[in-house]
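Have a look at the structure below before the remarks.
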Amino acid sequence: MINVLYFASLKDAVGMSAEEIDLDAVISDAAIKDVGSLRDWLCQRGGPWQSALSQQRLMTAVNQEIARPDTPVSDGDEVAFFPPVTGG
Amino acid sequence: MPWVSVQTEDFDTDAIVTNLTGGRRDIGAIVSFTGLVRDLPDQSLQSMTLEHYPAMTEKAIAEIVETAMQRWDVSDVAVVHRVGELKPSDRIVLVVTASAHRGDAFLACEYIMDYLKTRAPFWKKEITEAGERWVDAKASDDEASRRWE
Chain A
1 MINVLYFASL
11 KDAVGMSAEE
21 IDLDAVISDA
31 AIKDVGSLRD
41 WLCQRGGPWQ
51 SALSQQRLMT
61 AVNQEIARPD
71 TPVSDGDEVA
81 FFPPVTGG
Chain F
1 MPWVSVQTED
11 FDTDAIVTNL
21 TGGRRDIGAI
31 VSFTGLVRDL
41 PDQSLQSMTL
51 EHYPAMTEKA
61 IAEIVETAMQ
71 RWDVSDVAVV
81 HRVGELKPSD
91 RIVLVVTASA
101 HRGDAFLACE
111 YIMDYLKTRA
121 PFWKKEITEA
131 GERWVDAKAS
141 DDEASRRWE
């Protein structure tokens with residue numbers, strides 16, 4: 001099980017701020033092994049997921065550290081997706 | 001010891017500076033940057049809401065501060081970032097750097113601000129009579145942080 005978080009405009013677009021995903025239960029050709037494959041899998045839900053998660057400048061974090069598409073994802077991780085940050 | 005706070009309340013810059021320098025005789029320069037909530041060009045901003053990723057924000061800022069302290073000769077740093085609802089002219093962010101000499105204090109302060117704007121998980125939402133709108137990230141902020149690479 002991984003905990004997936006969505007923030008700001010992305011949270012509004014997909015209509016939720018968090019969800020749990022059971023990696024073992026995910027049936028697809030390619031298993032979720034990193035941030036990129038998790039993103040692809042979420043995009044497959046279509047509709048707002050496809051449009052919001054395919055934005056090129058989307059940022060990600062795994063266990064509260066900025067991540068890249070090839071950052072590994074495994075059971076117990078917290079994975080966050082968010083738009084480019086605008087603090088300061 | 002660097003000090004980082006993410007809070008809803010306003011902050012007192014003088015008190016933070018006094019706390020940072022208290023009892024030290026090796027500090028010759030203090031640089032402080034304060035960011036304020038700026039109204040929109042048509043003066044329509046009613047308020048601004050700052051959302052953040054609570055588990056990550058302080059950690060992300062602490063990492064930026066740590067990198068700055070390795071890169072420049074800085075004795076101490078304080079960063080305060082507010083979240084929640086803010087009004088035009090409210091203080092939103094404070095970065096204070098203390099050093100023996102001004103050069104390093106200026107550079108470290110600017111570096112921390114540039115990275116805070118592009119790496120720390122905060123998002124601004126503008127509220128006007130017309131509705132709510134998430135603020136878009138600026139390409140100029142990305143360029144500003146890239147010049148330190």
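Going down the list, the sequences are from chains A and F. Take 1 as the starting number for the first sequence in the working numbering and just add one per residue. Take 1 as the starting number for the second sequence in the working numbering and just add one per residue. For every residue, glycine included, the Cβ atom is placed at its ideal position computed from N, Cα and C.
### Message
I'd like the list of long-range same chain contacts for residue 95 of chain F, defined as Cβ closer than 6 Å, with 5 residues on each side in sequence excluded.
### Response
For the purposes of this step, residue 95 of chain F is identified with residue 95 of the second sequence, where counting begins at 1. Excluding sequence neighbours, residue 95 of chain F sits near 33, 79, 109, 112, 113.
### Task
Answer with yes or no whether the minimum CB distance from residue 21 of chain A to chain F is below 8 Å.
What you label residue 21 of chain A is simply residue 21 of the first sequence in a count that begins at 1. Residue-level contact check: residue 21 of chain A does not touch chain F, since none of the beta carbons of chain F fall below 8 Å from its beta carbon.
### Task
Assuming residue 2 of chain F and residue 52 of chain F form a contact by the criterion Cβ under 8 Å, report the distance between their Cβ atoms to the nearest whole angstrom.
Taking the first residue of the second sequence as 1, we reach residue 2 of chain F at position 2. Taking the first residue of the second sequence as 1, we reach residue 52 of chain F at position 52. Contact doesn't hold; Cβ gap of about 19 Å is too wide.
### Local Cβ density within 10 Å of residue 102 of chain F, reported as buried at 16 or more and exposed below that
Here residue 102 of chain F corresponds to residue number 102 of the second sequence, with the count starting at 1. Label assigned to residue 102 of chain F: exposed.
### Message
Strictly under 8 Å for the Cβ-Cβ distance: is residue 94 of chain F near chain A by that measure?
### Response
By 1-based counting over the second sequence, the position of residue 94 of chain F is 94. Taking Cβ atoms only, chain A never reaches closer than 8 Å to residue 94 of chain F, which makes this a no.
### Task
May I ask you to list, following chain order, the residues of the stretch 37-53 of chain F that have a beta carbon less than 9 Å from some beta carbon of chain A?
Answer in chain order: 50, 51, 52, 53.
### Message
Let me confirm a value: residue 118 of chain F is counted as buried when at least 16 other C-beta atoms fall within 10 Å, else exposed. Which label applies?
### Response
Within the second sequence, the letter at position 118 stands for residue 118 of chain F. Buried, since its Cβ has 16 or more Cβ neighbours within 10 Å.
### Task
Report, in whole angstroms, the separation of the C-beta atoms of residue 74 of chain F and residue 99 of chain F, which I expect to be a contact under 8 Å.
Reading the second sequence from its first residue, position 74 is the one you call residue 74 of chain F. Reading the second sequence from its first residue, position 99 is the one you call residue 99 of chain F. Taking 8 Å as the upper bound for CB-CB distance, residue 74 of chain F and residue 99 of chain F are in contact here, some 5 Å apart.
### Query
Do we get a CB-CB distance below 8 Å when we pair residue 84 of chain A with the residues of chain F?
Here residue 84 of chain A corresponds to residue number 84 of the first sequence, with the count starting at 1. Yes, contact with chain F.
### Query
Can the beta-carbon of residue 24 of chain A be found closer than 8 Å to that of residue 73 of chain A?
In the first sequence, the residue the question calls residue 24 of chain A occupies position 24. In the first sequence, the residue the question calls residue 73 of chain A occupies position 73. Cβ atoms of residue 24 of chain A and residue 73 of chain A: not closer than 8 Å.
### Query
If we cut at 8 Å on Cβ distances, does residue 9 of chain A have a partner in chain F?
Translated into the one-based positions of the first sequence, residue 9 of chain A becomes position 9. Interface residue, yes.
### Query
Which ranges would you report for the beta strand (DSSP E) in the stretch 24-107 of chain F if only whole runs of at least 3 residues count?
29-36, 47-52, 74-82, 84-86, 91-99
### Task
For the alpha helix (DSSP H) holding residue 15 of chain F, just list the boundary residues, first then last.
Against the second sequence, residue 15 of chain F aligns to sequence position 15. Run containing residue 15 of chain F: 13-21, per the alpha helix (DSSP H) assignment.
#### Entry: chain F contact for residue 67 of chain A (CB, 8 Å cutoff)
Taking the first residue of the first sequence as position 1, residue 67 of chain A is located at position 67. No, no contact with chain F.
#### Entry: Segment contact flag, the stretch 11-22 of chain F with the stretch 76-88 of chain A, C-beta cutoff 8 Å, min 3 pairs
no
### Message
My assumption, with CB atoms under 8 Å, is that residue 4 of chain F sits in contact with residue 62 of chain F. Please give the rounded CB distance.
### Response
Residue 4 of chain F sits at position 4 when you count from the first residue of the second sequence. Residue 62 of chain F sits at position 62 when you count from the first residue of the second sequence. Between residue 62 of chain F and residue 4 of chain F the Cβ distance is about 5 Å, and since that is below 8 Å, they are a contact.
### Message
Below 8 Å on C-beta distance, what does residue 61 of chain A contact in chain F?
### Response
For the purposes of this step, residue 61 of chain A is taken as residue 61 along the first sequence, with counting starting at 1. Chain F residues near residue 61 of chain A: 53, 56, 121.
### Task
Please name the residue, chosen from F:41, F:39, F:91, F:31, that lies closest to residue 158 of chain F on a Cα-to-Cα basis.
A query on residue 158 of chain F cannot be resolved here, the shown segment of chain F reaching from 1 to 149 and no further.
### Query
To which residues of the same chain is residue 124 of chain F closer than 7 Å at the C-beta, ignoring the five residues directly before and after it?
Taking the first residue of the second sequence as 1, we reach residue 124 of chain F at position 124. The beta carbon of residue 124 of chain F sits closer than 7 Å to those of 48, 50, 135, all from its chain and outside the five residues before and after it, given in chain order.
### Message
Mapping the DSSP letters down to three states, classify residue 64 of chain A as helix, strand or coil.
### Response
Reading the first sequence from its first residue, position 64 is the one you call residue 64 of chain A. Note: residue 64 of chain A maps to coil in three-state DSSP.
### Message
Buried or exposed for residue 11 of chain A, going by 16 or more other Cβ atoms inside 10 Å?
### Response
As a first step, residue 11 of chain A is located in the first sequence; it is residue number 11 there, counting from the start. Label assigned to residue 11 of chain A: buried.
### Query
Counting along the chain, where does the alpha helix (DSSP H) carrying residue 20 of chain A start and finish?
As a position in the first sequence, residue 20 of chain A is number 20, starting the count at 1. From DSSP, residue 20 of chain A is part of no alpha helix (DSSP H) but of the beta strand (DSSP E) over 18-21.
### Task
Hey, could you find the ends of the beta strand (DSSP E) residue 3 of chain F is sitting in?
What you label residue 3 of chain F is simply residue 3 of the second sequence in a count that begins at 1. Counting along the chain, the beta strand (DSSP E) containing residue 3 of chain F begins and ends at 3-7.
#### Entry: Where the beta strand (DSSP E) through residue 5 of chain A begins and ends
Here residue 5 of chain A refers to the residue found at position 5 when the first sequence is read from its first residue. From DSSP, the beta strand (DSSP E) with residue 5 of chain A extends over 2-6.
### Task
Compute the Euclidean distance between the alpha carbons of residue 78 of chain A and residue 42 of chain A, then round it to the nearest angstrom.
Along the first sequence, one-based indexing puts residue 78 of chain A at 78. Along the first sequence, one-based indexing puts residue 42 of chain A at 42. If I take the Cα positions, the gap works out to 15 Å.
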